[in-house]
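Visitor:
Number of protein chains: 2
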Amino acid sequence: MSNRTDLLAANARYASTFTHSDLPAPPARRLAILTCMDARLDPARFLGLDVGEAHVIRNAGGRANPDALNSLVVSQQQLGTNEVVVIHHTHCGMIGLRDDAMQELLTERFQRPIEPQQYGGFDDLAQSVRDDVTTIRADARIPEDLIISGFIYDVETGRLTPID
Amino acid sequence: MSNRTDLLAANARYASTFTHSDLPAPPARRLAILTCMDARLDPARFLGLDVGEAHVIRNAGGRANPDALNSLVVSQQQLGTNEVVVIHHTHCGMIGLRDDAMQELLTERFQRPIEPQQYGGFDDLAQSVRDDVTTIRADARIPEDLIISGFIYDVETGRLTPID
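Top to bottom, those sequences are chains A and B.
Its first residue numbered 0, the first sequence is counted upward by one per residue in numbering that gives the first Met the number 0.
Its first residue numbered 0, the second sequence is counted upward by one per residue in numbering that gives the first Met the number 0.
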């Protein structure tokens, strides 16, 4: 059973009352959010962001991996953002995930050779936020005056806690 | 001027009426969305997705780059999704973006050596969706029975068009 029919029906309803026809590409708040793909997170809602206000980059864990860094650089250099907010969250599936365990699981399930990858698992939630802030700051393509904050989102309360 | 104070105030309002305390990590619709970071896209709203229903992976262009593929593999193997929807969009900033032009611009702005990267720019919007569907299908870690659809989102109408 595919979700395709449901998604297209929901989209037809959305388009029938669409009011954002003339928005420019550069985010109005000059802001980029980096957060996890987790289904329990709706960053637009829990940050009060309206359509057109911020770039949203999401992956497993909300990590500052190479492709997320490339996206941030495009966001800043091509579309004028000057602030990044990194948000990881409680009960994340990436806590405790090991690259070697992942490769073993994949090799077992697919019965073929699987190349090693860095999936981005971590052990300490607050430290993972700090590590990603540090990774962003250390990139040669990041301006010195970029504003960066780090937060943890609690999936049981909907509340953000700043990480310093 | 940072967005931090505004975001925390909006989050406090969100948390004060939070009703999703008990959601499990696996997405209820067994679905992962791969789409662009563009500020004009709010996939939860334009697809009618409620909190807890789908993973959302976002980067510049909505490309199936190496880190997005890693996230999809985690989504499927660790959290049980069996469907991927790839959504690119009209007026995307990645249309026409060249890796060598990006590197030249960065070298000029930062006045230091910048390593070459693949940023994910493309020329043909429908073809970029097809290419990413093909890239996902071709990965050794993707199950043969995974359901994949591709769409273009029109930022001027809010409407999705299927790409076959």
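Heads up, the beta-carbon is just placed ideally off N, CA and C, and yes, glycines get one too.
Computed from a prediction, not measured in an experiment: that's the story for all the values here.
(1) Measuring only between beta-carbons, confirm whether Phe-45 of chain A sits less than 7 Å from chain B.
(2) In this structure, does DSSP put Phe-150 of chain A in helix, strand or coil?
(3) How many whole angstroms separate the CB atoms of Thr-29 of chain B and Gly-51 of chain A, which I take to be in contact at a CB cut-off of 8 Å?
(4) Under the DSSP definition of a beta bridge, which residues are partnered with Leu-71 of chain B?
(5) Let's see if you can read the secondary structure: which residues bound the alpha helix (DSSP H) around Leu-7 of chain B?
(6) Around the Cβ of Thr-34 of chain B, are there at least 16 other Cβ atoms within 10 angstroms (buried) or fewer (exposed)?
(7) Can you grab the Cα-Cα spacing for the pair Pro-161 of chain A / Glu-155 of chain B, in whole Å?
(8) Hey, would you say Gly-47 of chain B sits closer than 7 Å to Met-93 of chain B, going by beta carbons?
(9) The alpha helix (DSSP H) with Arg-44 of chain B in it runs from where to where?
(10) Which same chain residues, not among the five before or five after Val-132 of chain A, have their C-beta less than 7 Å away from its C-beta?
(11) I need the straight-line Cα distance from Ala-24 of chain A to Val-73 of chain A, nearest angstrom please.
(12) For Asp-144 of chain A, is the classification buried or exposed, using 16 other Cβ atoms within 10 angstroms of its Cβ as the cut-off for buried?
(13) Would a C-beta distance cut-off of 7 Å place Ala-53 of chain A and Thr-134 of chain A closer than the cut-off?
(14) Please report the residue range of the beta strand (DSSP E) in which Val-85 of chain A lies.
(15) Considering only C-alpha positions, which residue in the set A:Gln-110, A:Gln-77, A:Asp-98 is nearest to Gln-102 of chain B?
(16) Thinking C-alpha only, which one of A:Arg-108, A:Thr-106, A:Ala-139 is nearest Tyr-108 of chain B?
(17) Helix, strand or coil, according to DSSP, for Thr-106 of chain A in the structure here?
(18) Any beta-carbon of chain B closer than 7 Å to the one on Ala-63 of chain A?
(19) For a contact meaning CB atoms closer than 8 Å, what does His-54 of chain B contact in chain A?
(20) State the Cα-Cα distance for the pair Ala-137 of chain B and Arg-12 of chain B, rounded to the nearest angstrom.
(21) For the beta strand (DSSP E) that contains Ile-32 of chain A, what are its first and last residues?
(22) If Glu-82 of chain A sits next to Asn-2 of chain B, beta carbons under 8 Å apart, how far is it from one beta carbon to the other, in whole angstroms?
(23) Does Asn-58 of chain A have its Cβ less than 7 Å from a Cβ in chain B?
(24) Please list the terminal residues of the continuous beta strand (DSSP E) segment that includes Ile-141 of chain A.
(25) Could you give the first and the last residue of the continuous alpha helix (DSSP H) run that contains Thr-133 of chain B?
Guide: Working from what's here:
(1) By this cut-off, Phe-45 of chain A is an interface position.
(2) Strand at Phe-150 of chain A.
(3) First, the residue type needs correcting, since residue 29 of chain B is Arg and not Thr in the sequence shown. Actually they do not touch by this definition, with Cβ atoms about 30 Å apart.
(4) Beta-bridge annotation (DSSP): Leu-71 of chain B is not paired with any residue.
(5) Counting along the chain, the alpha helix (DSSP H) containing Leu-7 of chain B begins and ends at 3–15.
(6) buried
(7) Distance between the alpha carbons of Pro-161 of chain A and Glu-155 of chain B: 36 Å.
(8) no
(9) 42–45
(10) Val-85, Ile-147, Gly-149
(11) 12 Å
(12) exposed
(13) In this structure, the beta-carbon distance from Ala-53 of chain A to Thr-134 of chain A does not fall below 7 Å.
(14) 82–88
(15) A:Gln-77
(16) The residue asked about is misnamed: residue 108 of chain B is Arg in this sequence, not Tyr. Among A:Arg-108, A:Thr-106, A:Ala-139, the Cα nearest to that of Arg-108 of chain B belongs to A:Ala-139.
(17) helix
(18) no
(19) Met-36, Asp-37, Ala-38
(20) 44 Å
(21) Annotation for Ile-32 of chain A: the continuous beta strand (DSSP E) segment containing it runs 30–35.
(22) The pair is a contact, with the Cβ atoms about 6 Å apart (cut-off 8 Å).
(23) yes
(24) Run containing Ile-141 of chain A: none; DSSP gives neither H nor E here.
(25) 124–137
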